[in-house]
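If you read the sequence shown in our numbering, its first letter stands for residue 389, the second for the next number, and so on. Below is one structure, written out as C-alpha cells; comments come after it.
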Amino acid sequence: MPQKMLKFVDVARDMPQKRAAEERREDFGEIYRQYADEKAKEQASRCSQCGVPYCQTHCPLHNNIPDWLKMTAEDRLEEAYAISQATNTFPEICGRICPQDRLCEGNCVIEQSGHGTVTIGSVEKYITDTAWEKGWVKPIVPAQERDASVGIIGAGPGGLAAADFLRRRGYKVTVYDRYDRSGGLLTYGIPGFKLEKDVVMRRNKQLEEGGVKFVLNCNVGEDITFADLRAKHDAVLIATGVYKSRDLGGPGAGLPGIVKALDYLTVSNKLSFGDSVPEYEDGSLNASGKKVVVIGGGDTAMDCVRTAIRQGATSVKCMYRRDRANMPGSQREVQNAEEEGVSFQWLTAPRGFTGDAAVTGVKAIKMRLGPPDATGRQAPEEIEGSDYTEDADLVIKALGFEPEELPKLWGEDGLEVTRWGTIKADHLTHKTALPGVYAVGDIVRGASLVVWAIRDGREAADAIHAELSGAAAVAAE
Ligand code: FAD
Ligand code: SF4
Ligand code: SF4
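This is the structure we're talking about:
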C-alpha cells in the first residue's frame, strides 16, 4: 500500500476556505467552511507521525492526534472519530475555538522545519462534524443505573463535560444554571461567527436525551441555597465560571453608552436564537449606526469588535495599551477583525470619557513600552502630551473577568478561595475544602479556555465516580 502519511514536503498547509470578509460581515455564520473530504484526507496526510508527538503533549486533553490524523488520511473516519471522542467530550467545539496556535499546532514539529503546521483543529472539527452527519455520535446509554446523584452548578463546558462522563456511568445528574439555555459561554459568550449555536445545542440535546436533568433559570444562592443542593445530592460540582467584569474609572466612567463586554455579547447571542431583547431594541446594546470603541486586547475584545461590525456600526476601533505583539488575544482573530474592517489603536490607553447625557468620546493617551517588570512583561508608560479624544457613541469595556465572591454569596465560609477569589481545589481530583464538593473550570483557574474546562470536568467526574462508587470498583472497570 502506498505511504499515506508524511506528505508535508509535497503538500502545503491549507486551512479550510475562509468566506470573503464582505460576505461574513453581513451575518453571524462561521467564517471557515468545512473541508471537503479529499482536502481533509490530504491535510491529515501531512503529519509526520512523530514518535514523541509534541502536539499531543501540548493539547490539554492529550488527544491522540497522530492516530486520528492517520485514520483520516486512510479514509477510516469512523475509527478516527472513535479515537478522537475517547479523550475529548466536545471535539468539534475545540476544533473550532481552541487557540491552536498556542496549543497543539503551535508545537507541531513540521512547523519548525518550515513546512507549516498540520491543521489539527480543522481536521478535528471535520471528523466530529462528519460523525454527527453520519449518525456515529451515539446517544448516552449508561451500562447500569446508580442511585447516587450529583448536582452540578453551571452548564458551561466544565459542568457539561462532567455531566456527560457521570451520566454515562449511570449517576443521576442534575445541572443547575441561572441562564435560560445551557452551554455557559459557549452559548452566550462566544459569538456564532466562531461557534455556531446549533453546534452547542445539539450537544445540550444529547445530554438531555441521555437523562441529564437541567434546571435552568435557577440562580444558586438566590433560587436555591448551596446548602440545600449539598443536602439533595451525594456530590456537588461547582462550575460557575467567572463573571465579574473588570471596570474602568476616570471622569465620565458612568455615562450611558459605556457598557460591559459580556452584556453586549450576551444580547447579541440571544438575538441569534431569535429572542426579542429590549436592550437591543432600545439601542443601548446595539452598535448599529454608531461609532464604537472597544477597550481591551483579549479574545473578548476581538469578539466585541467583530460583533459590532456585523451589527452595522459606522466605525469600530479597538484600543489597547500594549502593542500587537504583546496583546493577549489570538493573532488569528486580530487578522480576521482587520479583514472585516476593524481598526486597532495599539499603545493607547483610556483616561476618561467625554459626554453629557451620553458618552461622545474616549479621552485617550498614547503609550510606549518601558522596561520589563518583575513578570518579564514590558510595562506600558504614558507619553506625556500625547492626549487626544477618540469619538465614540458606544464604548465597550472588555478588560477581563474576575470571580464572584461565592463564599459570601452562598453563605458558605468553609468554601476556601485563593487571594484572587478563585476556588481552592486540588489540581487532580478537583476536591475543594468542603467534603463532597468539587470545583472546575474558570472558577478555579480564572478566565481560561474551553479545553481546560473540559479537562477539569472529566477529571473531576473521575474523582467523583471514585468517591461515590469506591476506589475498588473504579480499579475493576
Ligand atoms: P462558563 O462557560 O462560564 O459557564 C459557567 C456557567 O455557570 C454559566 O452558564 C453561568 O450562567 C452559570 N452560573 C454561574 N453562577 C451561577 C449560579 N450562582 N447559579 C447557577 N448558575 C450559575 N475559550 C476558548 O477556548 N476559545 C475561545 O475562542 C474563547 N472565546 C471566548 C470569548 C468570550 C467572549 C469569553 C468571555 C470567553 C471566551 N473563552 C474562550 C473562554 C471560555 O469560554 C471559558 O474559559 C469557558 O467557557 C469556561 O468554562 P466554565 O464551564 O468554567 O464556565
Ligand atoms: Fe488542539 Fe484543542 Fe483539539 Fe487539543 S482539543 S487537539 S488543543 S484543537
Ligand atoms: Fe503530526 Fe505535527 Fe503531531 Fe508530529 S507534532 S505527530 S507532525 S501533528
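All C-beta atoms in this analysis are idealised placements derived from N, C-alpha and C, irrespective of residue type, glycine included. Only a predicted model underlies this, so the values are computations on that prediction, with no experimental measurement involved.
Within the model, the alpha-carbon separation for Gly547 versus Ala531 is close to 22 Å.
The count of Cβ pairs closer than 8 Å, one atom from the stretch 815 to 827 and one from the stretch 670 to 687, stays below three, leaving the stretches out of contact.
For Lys585, the enclosing alpha helix (DSSP H) begins and ends at 585 to 597.
If you check the C-beta of Cys482 against ligand 2, you find a heavy atom less than 7 Å away.
As the crow flies, the alpha-carbon of Gly539 is around 20 Å from that of Glu793. Note on the stretch 665 to 692: whole alpha helix (DSSP H) runs with a minimum of 4 residues are 666 to 669, in chain order. Residue ranges of uninterrupted alpha helix (DSSP H) with 4 or more members, entirely inside the stretch 776 to 854 and ordered along the chain, are 794 to 797, 830 to 833.
Around the CB of Gly544, 16 or more other CB atoms lie within 10 Å, so the residue is classed as buried. In the structure shown, the three-state DSSP call for Glu770 is strand. Out of Thr518, Ala551, Arg566, Pro479, the CA that lies nearest to the CA of Gly598 is found in Ala551. Per DSSP, the beta bridge partners of Gln733 are Met707. Exposed is the label assigned to Ala762, since fewer than 16 other Cβ atoms lie within 10 Å of its Cβ.
Under the DSSP assignment, Ile508 falls outside any beta strand (DSSP E), being part of the alpha helix (DSSP H) whose first and last residues are 508 to 522. DSSP, read as helix, strand or coil, puts Phe396 in helix.
In the three-state reduction of the DSSP assignment, Ala550 falls in the helix class. Annotation for Val839 indicates a beta carbon within 7 Å of some heavy atom of ligand 2. Taking the CA atoms as reference points, Pro639 sits about 18 Å from Leu787.
Taking 7 Å as the cut-off, the C-beta of Pro404 does not count as close to any heavy atom of ligand 2.
For Leu625, the uninterrupted beta strand (DSSP E) run begins and ends at 623 to 626, by DSSP.
Under the Cβ criterion (8 Å, minimum of three pairs), the stretch 625 to 638 counts as touching the stretch 737 to 745.
Among the bridge pairs identified by DSSP, Ala752 is matched with Pro738, Tyr776. Taking 8 Å as the cut-off, the beta carbon of Gly571 is found closer than this to the beta carbon of Asn592.
Residue burial annotation: Asp691 is buried, with at least 16 other C-beta atoms found within 10 angstroms of its C-beta.
Asp517 and Asp850 have their C-alpha atoms some 27 Å from each other.
With contact defined as three or more Cβ pairs closer than 8 Å, the stretch 454 to 468 and the stretch 403 to 414 are not in contact. Under the 10 Å beta carbon count, Trp456 is surrounded by 16 or more other beta carbons and is classified as buried.
Closest in alpha carbon position to Val608, among Glu855, Gly799, Lys392, is Gly799. In this structure, the alpha-carbon of Phe789 lies about 8 Å from that of Gly834.
The shortest C-alpha to C-alpha distance from Glu772 to any of Glu726, Lys658, Ile784, Met755 is the one to Met755.
DSSP, read as helix, strand or coil, puts Tyr631 in coil. By alpha-carbon distance to Phe661, the top candidate from Arg412, Ala400, Ala408, Gly417 is Gly417. Under the three-pair Cβ rule at 8 Å, the stretch 819 to 826 counts as touching the stretch 611 to 626. Secondary structure of Ser433 (DSSP, three-state): coil. Straight-line measurement puts the Cα of Gln723 at about 26 Å from the Cα of Glu430. Between Trp524 and the set Trp840, Asp651, Gln594, Lys585, the nearest pair of CA atoms involves Gln594.
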